[in-house]
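Those protein sequences? They're chains A and B, same order as listed. Each residue of the first sequence is one higher than the one before, starting from 0 at the first, in numbering that gives the first Met the number 0. Each residue of the second sequence is one higher than the one before, starting from 0 at the first, in numbering that gives the first Met the number 0. In this text, a Cβ means the ideal position worked out from N, Cα and C, and glycines have one as well.
2 protein chains.
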Amino acid sequence: MQSGGYLPTTNDVLSNVFSRAGALDDKDAAAIARLPCREILLKRENDIPSDSDYIFVLLDGWVCGYKLLSAGGRQICSIHIHGDAPHLRSLLPLDADLDYRALSDCRLGLVPAQLLRDLFHRSVMISRALLREVSISAGIAEEWVANIGRRRAIMRVAHLLCELACRLDAAHGKPQKAYIIPLTQADLADATGLSTVHVNRVLQELRGRRLVEFNGGHLSIPDWGRLVEIAGFDQKYLHLDGVRCCTL
Amino acid sequence: MQSGGYLPTTNDVLSNVFSRAGALDDKDAAAIARLPCREILLKRENDIPSDSDYIFVLLDGWVCGYKLLSAGGRQICSIHIHGDAPHLRSLLPLDADLDYRALSDCRLGLVPAQLLRDLFHRSVMISRALLREVSISAGIAEEWVANIGRRRAIMRVAHLLCELACRLDAAHGKPQKAYIIPLTQADLADATGLSTVHVNRVLQELRGRRLVEFNGGHLSIPDWGRLVEIAGFDQKYLHLDGVRCCTL
DNA sequence: CGCCTAGTTGACCAGGTTCAACAACGGTGG
DNA sequence: CCACCGTTGTTGAACCTGGTCAACTAGGCG
């Protein structure tokens, strides 16, 4: 886990997520602040127990949503950082499509699903916010389809790193000089549809071209402009409105 | 276009989509029935004009959501059939991530976006239904990520055909003997992240193994069980609850 | 008839995979 | 303190899936 001094609570994260679509009124804000939450710690590589009575939000650390294929192999379909609430989708009575796993040691907040569901039914702003979240995550998945389906290996990896850098900038509210990204090369491979060996070679190529340094979970991007260019990256799909993203 | 005698109206389609998450009360049903709608015809290969004042639903024919990449090439990220309302997501004031294009001649229903937005703000059932739709489409996009990222060419094509067959079955309310799928091999290629030449070879292989006949837009599946098996297909992610899908 | 689109085929090529071995590192237990 | 182990990253060589290019066929339609 990486965050500095201050530790956000589960209620903070929920209130932040729900107000992204527009300010909440006092009643909703109070209801969210009153939700009884519980925290748990999870070690890297552990699956998040899927308990349909609770929704988790990510307070600190990294999580991915993944699928194991019958043919063998794993595909990571989504990556989440502190402050994300990917699991909100499970408020709907749809079977879970994804399993979630900790990519780093992490801290999760658990909220009783039924209470959130009640909130969603009562408040227009909250249902709108939820819709917005799910809608954005659908857009990200579609960008991943395009990334994996139609880009070369080097572009794929560059594109993913661009996305993660932008989202970290947004989460911190300002452009970062360097990033802590606790993914292994195997994780990158499973997220980009490549083999770990090839991810390794691609990273060397990116390093050789002075575009990216990625070592031991530490990412730095000496030339953001050129990286964006070769990745074909356009951050619009992330909808990080308001937050100026990365250095231009 | 393919549907037989009866022609659903835009209001029919909306009411059907919105009641998938649970029965609508009389007030909502009436409000939907009262929405003023307009129909337009669109020729194959034409983009659907993106007018943020209107939401389109697909009354007849096929449509895809796609992206053009800066590196060149097109990726189809979603495919839609009659009765689908993919564009509902644009009720949110988020920039459109996808462009939509007719894969066949088709008939669209246009609904004033603001009226739908009002409905969404007033009705819990409708907001829930919308969330459900968007959530399912996110799940489908994630399955596509896994399909393109981690499956061989033959599995990818087989998987896509399985998905389309299931969705057509569901749209018609019962398993079909054969399917009309007006996609070219180039369309299949852009949806699966392959080249058209390779899609051609894969289709020959599938035909050679007596698993799939696909010619001139006509699909038949002599051995559904084996096709599902080699595709690694599991229809759960489509959430076509209630409709028994395809022949087992 | 000529044109355009969709499908088909062959030859060649390259991007990426696979396998295997090894290096670097940190953690753990004796 | 060191030996051992597991994990992650790195390298090389062989291989192969799938891409590219180019030519050709078959229909459909003005």
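In chain order, Leu93 make up the part of chain A whose C-beta sits under 8 angstroms from the C-beta of isoleucine 135 of chain B. Note on geometry: alpha-carbon atoms of leucine 218 of chain B and alanine 169 of chain A lie some 47 angstroms from one another. The segment 23–42 of chain A makes contact with the segment 117–131 of chain A: 3 or more CB pairs, one atom from each, lie closer than 8 angstroms. Looking at B:Ser49, B:Ser134, B:Gly60, B:Val133, the one whose alpha-carbon comes closest to that of tyrosine 99 of chain B is B:Ser49.
Only His120, Val123, Ser126 from the segment 106–127 of chain B bring a Cβ to less than 7 angstroms from some Cβ of chain A. Put simply, the segment 173–181 of chain A does not touch the segment 83–101 of chain B. Fewer than three CB pairs are less than 8 angstroms apart. Residues Leu187, Thr191, Leu193, Val198, Val201, Leu202, Leu205 of the same chain have their beta carbon placed closer than 8 angstroms to that of valine 156 of chain B, with the five preceding and five following residues left out of the count. Taking each of A:Ser134, A:Arg106, A:Asp94 in turn and checking the Cα distance to lysine 235 of chain B, the smallest one comes out for A:Asp94. For histidine 81 of chain A, the secondary structure class from DSSP, reduced to helix, strand or coil, is coil. An exposed status is given to alanine 22 of chain B, since fewer than 16 other beta-carbon atoms sit within 10 Å of its beta-carbon. Taking the C-beta atoms as reference points, leucine 90 of chain B is found nearer than 9 angstroms to leucine 115 of chain B. When secondary structure is reduced to three states using DSSP, leucine 118 of chain B falls in the helix class. Following the DSSP letters along the chain, one finds phenylalanine 17 of chain B inside the alpha helix (DSSP H) bounded by residues 9–17. Around the CB of threonine 9 of chain B, 16 or more other CB atoms lie within 10 Å, so the residue is classed as buried. At a C-beta separation below 7 angstroms, histidine 238 of chain B has these neighbours in chain A: Leu93. Cβ-Cβ distances below 7 angstroms link leucine 68 of chain B to Gln74 in the same chain, with the five nearest sequence neighbours on each side left out; the list follows chain order. Listed in chain order, the non-local C-beta contacts of proline 181 of chain A below 7 angstroms within the same chain comprise Trp61, Leu102, Ser103, Gly216, local neighbours out to five positions each way being set aside. Contact annotation: glutamate 162 of chain A and isoleucine 139 of chain A have beta-carbon atoms nearer than 9 angstroms. If you look at arginine 37 of chain A, you'll find it in the beta strand (DSSP E) that goes 37–41. Residues of chain A whose Cβ lies closer than 7 angstroms to the Cβ of leucine 58 of chain B do not exist, since the nearest Cβ in that chain is about 23 angstroms away.
Tyrosine 65 of chain B and cysteine 76 of chain B have their C-alpha atoms roughly 5 angstroms apart. Setting aside the 5 residues that flank it on each side, leucine 13 of chain A is surrounded in the same chain by Ile31, each with a C-beta closer than 6 angstroms to its C-beta; the list follows chain order. Taking alanine 230 of chain B as reference, the option from B:Met154, B:Lys173, B:Ile220, B:Arg209 with the minimal CA-CA separation is B:Met154. Contacts between glutamine 74 of chain B and chain A, judged by CB atoms closer than 7 angstroms, involve Val144, Ala145, Gly148, Arg149 in chain order. Neighbourhood of alanine 70 of chain A in chain B, by CB distance below 8 angstroms: Arg149, Arg150, Arg151, Met154, Gly231, in chain order. Residue contact check for alanine 169 of chain A against chain B: no CB pair falls below 9 angstroms. Taking 9 angstroms as the cut-off, the beta carbon of isoleucine 54 of chain A is found closer than this to the beta carbon of valine 110 of chain A. The beta-carbon distance between tryptophan 143 of chain A and valine 144 of chain B, rounded to whole angstroms, is 5 angstroms. This is short enough to meet the 8 angstroms contact definition. A residue is called buried once 16 or more other Cβ atoms fall within 10 Å of its Cβ, and glycine 172 of chain B, having fewer, is exposed. By the CB criterion at 9 angstroms, serine 51 of chain B and leucine 130 of chain A fall outside the cutoff.
In the structure shown, alanine 22 of chain A falls within a coil segment according to DSSP collapsed to helix, strand and coil. Residue state for valine 110 of chain A is assigned as strand, using DSSP reduced to three classes. Against chain B, the CB of glycine 138 of chain A has a partner CB under 9 angstroms away; the residue lies at that interface.
The C-alpha of arginine 150 of chain A lies about 8 angstroms from the C-alpha of alanine 70 of chain B.
Note on geometry: alpha-carbon atoms of arginine 19 of chain A and arginine 209 of chain B lie some 52 angstroms from one another.
Among the residues facing chain B, threonine 191 of chain A is included, as its CB has a counterpart in that chain under 9 angstroms away.
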